[in-house]
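Residue numbers (the numbering used here): 98 to 508. See structure below.
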Amino acid sequence: MKIIIHKGAEEIGGNCIEISEGSTKILIDFGSPLSSNSKNISIDPSDYDAVIISHPHLDHYGMLSKSLAECRLFCSELTHLLINTTNLFSNKDILNDEVEFFRPNHSFQVNNLKITPFLVDHSSADSFAFLVESTHCRVFYTGDFRATGRKKILFNKMLNDPRLKNIDIMLIEGTAMNRRPSDFLSESNIESFLYKLFSKQTSSSFLIASSQNIDRIVTLYRACLKADKVLLIDFYTAWILKLMQKVSISVPYINWKNIAVIHNFGGRYYNIIKEHEDFFDGFLSEVFSNNHLRIEELRDQPSKYVFKVSSNHIAKVADLMNITDPILVYSQWEGYIKDDVTLKSLKNKYDMKYCHTSGHALIEDIELFLNILQPAKAIPIHTETPHLFKKIYDKTVIYRDNEEILHEPNI
Ligand SMILES: [Zn+2]
Ligand SMILES: [Zn+2]
Numbered sequence: 098m099k100i101i102i103h104k105g106a107e108e109i110g111g112n113c114i115e116i117s118e119g120s121t122k123i124l125i126d127f128g129s130p131l132s133s134n135s136k137n138i139s140i141d142p143s144d145y146d147a148v149i150i151s152h153p154h155l156d157h158y159g160m161l162s163k164s165l166a167e168c169r170l171f172c173s174e175l176t177h178l179l180i181n182t183t184n185l186f187s188n189k190d191i192l193n194d195e196v197e198f199f200r201p202n203h204s205f206q207v208n209n210l211k212i213t214p215f216l217v218d219h220s221s222a223d224s225f226a227f228l229v230e231s232t233h234c235r236v237f238y239t240g241d242f243r244a245t246g247r248k249k250i251l252f253n254k255m256l257n258d259p260r261l262k263n264i265d266i267m268l269i270e271g272t273a274m275n276r277r278p279s280d281f282l283s284e285s286n287i288e289s290f291l292y293k294l295f296s297k298q299t300s301s302s303f304l305i306a307s308s309q310n311i312d313r314i315v316t317l318y319r320a321c322l323k324a325d326k327v328l329l330i331d332f333y334t335a336w337i338l339k340l341m342q343k344v345s346i347s348v349p350y351i352n353w354k355n356i357a358v359i360h361n362f363g364g365r366y367y368n369i370i371k372e373h374e375d376f377f378d379g380f381l382s383e384v385f386s387n388n389h390l391r392i393e394e395l396r397d398q399p400s401k402y403v404f405k406v407s408s409n410h411i412a413k414v415a416d417l418m419n420i421t422d423p424i425l426v427y428s429q430w431e432g433y434i435k436d437d438v439t440l441k442s443l444k445n446k447y448d449m450k451y452c453h454t455s456g457h458a459l460i461e462d463i464e465l466f467l468n469i470l471q472p473a474k475a476i477p478i479h480t481e482t483p484h485l486f487k488k489i490y491d492k493t494v495i496y497r498d499n500e501e502i503l504h505e506p507n508i
């Protein structure tokens, strides 16, 4: 078996990993770089038998385009819907329908390679790790994962999974290897922080977070419920929650109490949904037959409401509500602020409070993972600090982008 990390050995994001056995060649993830200093890879997917996408974050799928020519594309059904949703809301073409969906723990075959998807805990819905097996080599790719989210049980399950014994090569992510454990709040820590803040609020609150970070939306909703506030979401967030109903009954939706769609401050999301009625399939009428509110209905009691709307709309909603001193919570990666004009101006205009936790594993969790599963070789990926792996696991081998990693059969 041969592995080439085309991108992701020396940076966070942009993952693109080639695994080949004989004449079969697959790509795992086909991401665009997160750093503006990093270049896109120039790889033609039609040279491969399959592209397999681990989860719907751009640094894992951003190089996919509408047509993949002869190449088979595999991802989960929800990942496909989330990628197409992101594409539609950013005026890009949606992926074509010739996608093969995998499900957790259901192996599939690409010629002589057997691939088994493992659902993992991460800040994106439906994130997967993959076990890739040939007759003489077993490779495990963690994708992005952690052990501190609402699905942390999945991490513990992997530690005890007999399929993950005797791994020859583990490609393991290390995004957060150099962060301090004190940086890692749990979702319940964040829930308590938000609850306390909302309980005391005398004005409306706004939260900036990715609508696709479902753990965070659940946390936000739970804090609103406890503090008896109404969570107001935009059409985009409401659609993501609708998609989530396919895989989880514990994710809030617009027919639940203390949650409603707010809809007369922009129109862009509404217009996109209206324009692509086939894709959004009756969603607008669903919104209008459930909890939905207009701004004019809210002005009497601003402290009753917490808004989860796009950061581009926050200043406008605050103006329409006649609020000058909203509570503003920033609940995503701080690094986004420096390149984003809107976020910078919100930070300057309002008192922005920061409350977030990483979607990636703590160094202690990575150490535990490696030392319990004992792969014959651990290769750091998705990290700027690969050398830290050597301190926690002696069978670590560091590779650079585009180096060949060969695994010969034991004869
Ligand atoms: Zn990533
Ligand atoms: Zn990710």
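Cβ coordinates follow ideal geometry from the N, Cα and C atoms, glycine included. Remember, predicted model here, so these are calculated numbers, not experimental data.
What residue from Asp416, Phe332 and Ala412 has the CA that sits closest to Val438's CA? Among Asp416, Phe332 and Ala412, the Cα nearest to that of Val438 is on Ala412.
When you compare the segment 284–303 with the segment 473–480, are there three or more beta-carbon pairs, one atom per stretch, that lie closer than 8 Å? Cβ pair count under 8 Å is below three, so no.
Under the three-state reduction of DSSP, which class applies to Val406: helix, strand or coil? DSSP places Val406 in coil when its eight states are reduced to three.
Residue burial classification, Phe385 (beta-carbon count within 10 angstroms, cutoff 16): Under this definition Phe385 is an exposed residue.
Rounded to the nearest angstrom, how far is the Cβ of Asp146 from that of Ser129, given a contact under 8 Å? Your pair Asp146 and Ser129 does not check out as a contact, with CB atoms roughly 22 Å apart and the cut at 8 Å.
Could you check if Ser296 is buried or exposed, using at least 16 other CB atoms within 10 Å of its CB as the buried criterion? By the neighbour-count definition (other C-beta atoms within 10 Å, threshold 16), Ser296 is an exposed residue.
Is the segment 307–324 touching the segment 432–448 in the sense that three or more CB pairs, one from each, lie closer than 8 Å? Here the segment 432–448 makes no contact with the segment 307–324; the two share fewer than three CB pairs at distances below 8 Å.
Cβ neighbours of Glu501 in the same chain (closer than 7 Å, five flanking residues each side left out): The beta carbon of Glu501 lies closer than 7 Å to those of Lys99 and Ile101 in the same chain, with the five residues before and after it left out.
Within the continuous beta strand (DSSP E) that includes Phe127, where are the two ends? From DSSP, Phe127 is part of no beta strand (DSSP E); its letter is neither H nor E.
Does ligand 1 have even one heavy atom less than 7 Å from the beta-carbon of Asp325? Asp325 has its Cβ no nearer than 7 Å to any heavy atom of ligand 1.
Which same chain residues end up closer than 8 Å to Asn355 when comparing Cβ atoms and leaving out the 5 residues on each side of it in sequence? Cβ neighbours of Asn355 beyond the five flanking positions: Tyr318, Cys321, Leu322, Asp325, Lys326, Val327 and Leu328.
Among Lys136, Pro201 and Gly111, which residue has its Cα nearest to the Cα of Ala222? Comparing alpha carbon positions, the residue from Lys136, Pro201 and Gly111 closest to Ala222 is Pro201.
Anticipated Cβ contact below 8 Å, Gln429 with Ile305, distance rounded: Right, their Cβ atoms sit about 6 Å apart.
Counting only the same chain and skipping the five closest in sequence on each side, list residues whose C-beta sits under 6 Å from that of Pro426. As written in the sequence, residue 426 is Val, which differs from the Pro given in the question. Cβ within range, chain order: Leu304, Lys450 and Cys452.
Are the beta-carbon atoms of Phe186 and Met160 separated by less than 8 Å? It is not a contact, given that the beta carbons lie outside the stated cut-off.
Can you find at least 3 beta carbon pairs, one from the segment 309–316 and one from the segment 334–353, that sit closer than 8 Å? Cβ pair count under 8 Å is three or more, so yes.
Contact test: Gly456 Cβ vs ligand 3 heavy atom, cutoff 7 Å: You won't find ligand 3 in this model; what it holds is ligand 1 and ligand 2.
For Ala273, the nearest candidate out of Asp265, Thr245, Lys262 and Lys293 (CA to CA): Ranked by how close their Cα comes to the Cα of Ala273, the residues Asp265, Thr245, Lys262 and Lys293 have Thr245 in first place.
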